[in-house]
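I have placed the structure first, in the form of structure tokens, so that the comments after it can refer back to it.
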Amino acid sequence: MQRLEATRVAVDLAGDAPIIGAVGNSTFDLVPFDRPRNFYMWNSMGMASSIALGLALARPDLRVIVLDGDGSILMNLSSLATERACGVTNLVHVIWDNGGWEITGGQPAGSPFGVNLETVARGCGFLKTATVDDLDAFHDVFAEAMADDQPWAIVGRVEPGDSPYRPSKNCIALRDRFKASLGHR
Amino acid sequence: MAPTFSIKRSGRHQAADAPAWAHSLLAAFRAEDIHHLVFLPDTVMGRLLALAEAQEDDFFTLVNVHREEEAVGILTGLFLGGQRGAMLIQSSGLGNTLNALGSLAMAYRIPFPLLVSLRGELGEFNPAQLHMGRAVPGCLDALTIQHVTLSSEDDVPTIVEGALKTCFTAEEPFGILLSAQLTGWKPEN
Chain A
1 MQRLEATRVA VDLAGDAPII GAVGNSTFDL VPFDRPRNFY MWNSMGMASS IALGLALARP
61 DLRVIVLDGD GSILMNLSSL ATERACGVTN LVHVIWDNGG WEITGGQPAG SPFGVNLETV
121 ARGCGFLKTA TVDDLDAFHD VFAEAMADDQ PWAIVGRVEP GDSPYRPSKN CIALRDRFKA
181 SLGHR
Chain B
1001 MAPTFSIKRS GRHQAADAPA WAHSLLAAFR AEDIHHLVFL PDTVMGRLLA LAEAQEDDFF
1061 TLVNVHREEE AVGILTGLFL GGQRGAMLIQ SSGLGNTLNA LGSLAMAYRI PFPLLVSLRG
1121 ELGEFNPAQL HMGRAVPGCL DALTIQHVTL SSEDDVPTIV EGALKTCFTA EEPFGILLSA
1181 QLTGWKPEN
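Protein chains in written order, with this note's numbering: chain A, 1 to 185; chain B, 1001 to 1189.
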């Protein structure tokens, strides 16, 4: 499936849930579906999952979505163990798996070498996991995860390809808009 | 085995062993509504964490990370969600946080106290702790992160209160370095 189309499905089903976009194409493909509760990263590769965890701890009343990249989570695999160690139940962790570092020229990483990120998530204690490679299946499992009261890890296999979209480069404005959308000054 | 989330996070350390500086630090955190202690433990922080975990009103939540860089992200998410937290790490772990400190906490202006217990300073027995310990002030300076060093118990309440106030005014991390002069060093040779 296409990452852009899968992102459209995720935003459609998100309701008022905040979404953290990982640095690079995960954030870039979130931009056409812009809303105040989208948080866009410009660097700090790997941190998307940890930002989502902090937000999930701060706001147990919300389901918190992170649209992660395979390269990003491979840089911060320990965050999967931390997510479980914290015991949060309101996290929906989506990992776009395009088999490598797309934005730097499509160098292969992870799945082309047999790394199975769903298995990694299960090994870190996630009980609700899935790997999907078509849009209908993604729609169904993401809807199930959003309606659930348990943490989920969903690996979405997506086609390679760079996103043409970009968010604002004013990091503080990105921060303030997101924070205000959650009712915080 | 079913996961147990009520498990004691501070290990074998006991609140009764917490030194005066740990009481002062936690009192200052309370006064600034800092509820979340995001940590990767060392022996020095262990006593502070035990004291925090033993508070009768459960004011503090202990969040243990597995690599220090994670703490920068978690503290960012907490801030975006309207909560304050502190990072508690050892000097060797500061090296694991640098890109996230620069490209997330500084770029997006995320405030939190960054407590670093200093190895490689006074009374060090481990040669592999020397260089990263020594590099801590320089790393923070290079990132233009303001910092203070706590060396004596009498100074802790005032300096920490002032550091926290500046931290939240600046909306940036603020380093609070714990010298072995304050925390003591290991008897090992």
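By construction, the Cβ of each residue, glycine as well, lies at the ideal position given by its N, Cα and C atoms.
Quick caveat, the model's predicted, so the values are computed rather than measured.
Establish whether the CB of residue i and some CB of chain A are separated by less than 8 Å.
i: A1180 of chain B; result: no
i: Q1090 of chain B; result: no
i: M1001 of chain B; result: Residue placement at M1001 of chain B is flagged as unreliable, the pLDDT there being 47, under the threshold of 50; the coordinate-derived value follows with that caveat. Chain A contact via Cβ: absent.
i: I1074 of chain B; result: yes
i: R1109 of chain B; result: yes
i: Q1083 of chain B; result: yes
i: R1030 of chain B; result: no
i: A1052 of chain B; result: no
i: A1086 of chain B; result: no
i: A1142 of chain B; result: no
i: A1100 of chain B; result: yes
i: L1094 of chain B; result: no
i: K1008 of chain B; result: no
i: H1036 of chain B; result: yes
i: V1064 of chain B; result: Sequence inspection shows Asn at residue 1064 of chain B; the Val mentioned does not correspond to that position. Output row for N1064 of chain B: interface = yes.
Relative to the alpha-carbon of residue i, which residue among the options has its alpha-carbon at the smallest distance?
i: E83 of chain A; options: B:I1089, B:I1074, B:R1084, B:L1088; result: B:I1074
i: S1092 of chain B; options: B:G1082, B:G1120, B:L1048, B:E1153; result: B:G1120
i: A984 of chain B; options: B:A1107, B:P1173, B:N1096; result: Absent from the model: residue 984 of chain B. The displayed extent of chain B is 1001 to 1189, so no value can be given.
i: S1103 of chain B; options: A:P18, A:M1, A:V23, A:L4; result: A:V23
i: D149 of chain A; options: A:V11, A:R63, A:Y40, A:V31; result: A:R63
i: L1118 of chain B; options: B:N1099, B:A1100, B:D1154, B:W1185; result: B:W1185
i: Q1124 of chain B; options: B:E1069, B:A1016, B:E1188, B:L1025; result: As written in the sequence, residue 1124 of chain B is Glu, which differs from the Gln given in the question. The shortest Cα separation from E1124 of chain B among B:E1069, B:A1016, B:E1188, B:L1025 belongs to B:E1188.
i: L1037 of chain B; options: B:S1152, B:F1060, B:A1015; result: B:F1060
i: A1031 of chain B; options: B:G1175, B:I1176, B:A1163; result: B:A1163
i: A14 of chain A; options: A:D176, A:R157, A:R185, A:E144; result: A:E144
i: L1062 of chain B; options: B:V1072, B:F1039, B:M1106, B:E1056; result: B:F1039
i: I95 of chain A; options: A:D12, A:A153, A:A17; result: A:A153
i: L1150 of chain B; options: B:T1144, B:G1082, B:T1158; result: B:T1158
i: A58 of chain A; options: B:F1079, B:A1180, B:G1011, B:G1175; result: B:F1079
i: L1025 of chain B; options: B:L1088, B:A1071, B:G1081, B:P1111; result: B:L1088
i: A1071 of chain B; options: B:A1086, B:D1057, B:G1082; result: B:A1086
Is residue i near the ligand ZN, judged by its Cβ being under 7 Å from some heavy atom?
i: D1017 of chain B; result: For the ligand ZN, the structure offers nothing, since it holds no ligand at all.
Going by DSSP, which residues form a beta bridge with residue i?
i: S1117 of chain B; result: B:Q1090, B:L1178
i: I95 of chain A; result: A:D68, A:V155
i: N38 of chain A; result: A:I19
i: V1038 of chain B; result: B:V1063, B:M1087
i: P108 of chain A; result: A:G100
With residue i as the anchor, note down where its alpha helix (DSSP H) starts and where it stops.
i: N25 of chain A; result: 25-28
i: A1163 of chain B; result: 1156-1170
i: I172 of chain A; result: 171-181
i: T82 of chain A; result: 78-86
i: H1147 of chain B; result: Per DSSP, H1147 of chain B belongs to no alpha helix (DSSP H); it is in the beta strand (DSSP E), 1147-1150.
i: G1077 of chain B; result: 1068-1080
i: L1025 of chain B; result: 1020-1031
i: M1132 of chain B; result: 1130-1142
i: E118 of chain A; result: 117-123
i: D136 of chain A; result: 135-147
i: L9 of chain A; result: According to the sequence provided, residue 9 of chain A is Val. The question's Leu does not apply to it. That run of the alpha helix (DSSP H) goes 3-14.
i: G54 of chain A; result: 48-58
What is the residue span of the beta strand (DSSP E) that residue i lies within?
i: V1044 of chain B; result: Where V1044 of chain B is concerned, there is no enclosing beta strand (DSSP E), although the alpha helix (DSSP H) it sits in stretches over 1043-1053.
i: V132 of chain A; result: 128-132
Is there a Cβ of chain B sitting closer than 8 Å to that of residue i, yes or no?
i: H184 of chain A; result: yes
i: W42 of chain A; result: yes
i: R59 of chain A; result: yes
i: S50 of chain A; result: yes
i: I154 of chain A; result: no
i: I19 of chain A; result: no
i: R122 of chain A; result: no
i: K169 of chain A; result: no
i: L117 of chain A; result: no
i: F138 of chain A; result: no
i: K179 of chain A; result: yes
i: R175 of chain A; result: yes
i: I103 of chain A; result: no
i: L55 of chain A; result: yes
i: M146 of chain A; result: no
What are the residues in the segment 1163-1177 of chain B lying within 9 Å of chain A by C-beta distance? E1171
What are the residues of the segment 66-96 of chain A that lie near chain B, defined by any Cβ-Cβ distance shorter than 8 Å? N76, S78, S79, A81, T82, R84, A85, C86, G87
Mind listing which residues of the segment 22-43 of chain A have their C-beta closer than 8 Å to chain B's C-betas, in chain order? F39, M41, W42, N43
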